[in-house]
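In my numbering, the protein residues as written are 56 to 154.
We put the CB at the ideal spot given by N, CA and C, even for glycine.
As the structure is a computational prediction, the values presented were derived from the model and not from experiment.
In structure tokens:
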């Protein structure tokens with residue numbers, strides 16, 4: 056199980072680095088103007104209709120505080136969620152030193 060979780064953490068970290076690299080390349084293409092894709096923008100690249108459906112579901116079914124929390128999560132940089140989660144998993148399931 057530990058090896059599988061370390062592999063998943065590695066995949067998450069690599070995905071985060073790819074998203075960060077895409078943001079850097081986009082910033083260079085725009086002449087140095089900083090471009091950071093949010094989680095919602097990354098999600099929309101894969102399926103715009105599912106993002107719109109999720110937002111509509113959140114507006115109608117979630118309580119007010121939860122809807123604000125969901126929109127806050129959707130506005131963070133796209134690389135931050137897989138990157139932070141991957142690093143946490145890497146620390147938790149990292150190699151154990153024998154004493």
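Span separating the alpha-carbon of residue i from that of residue j
i	j	result
residue 86	residue 138	26 angstroms
residue 142	residue 106	26 angstroms
residue 149	residue 63	12 angstroms
residue 147	residue 65	13 angstroms
residue 130	residue 93	5 angstroms
residue 89	residue 61	32 angstroms
residue 102	residue 59	28 angstroms
residue 136	residue 151	25 angstroms
8 angstroms Cβ cutoff met for residue i and residue j
i	j	result
residue 91	residue 132	yes
residue 75	residue 134	yes
(request) Would you check if the region 69-81 and the region 107-120 touch, i.e. whether three or more CB-CB distances between them fall below 8 angstroms? (result) no
(message) Runs of 4 residues minimum, wholly inside the region 67-100: which ones carry the alpha helix (DSSP H) assignment?
(response) none
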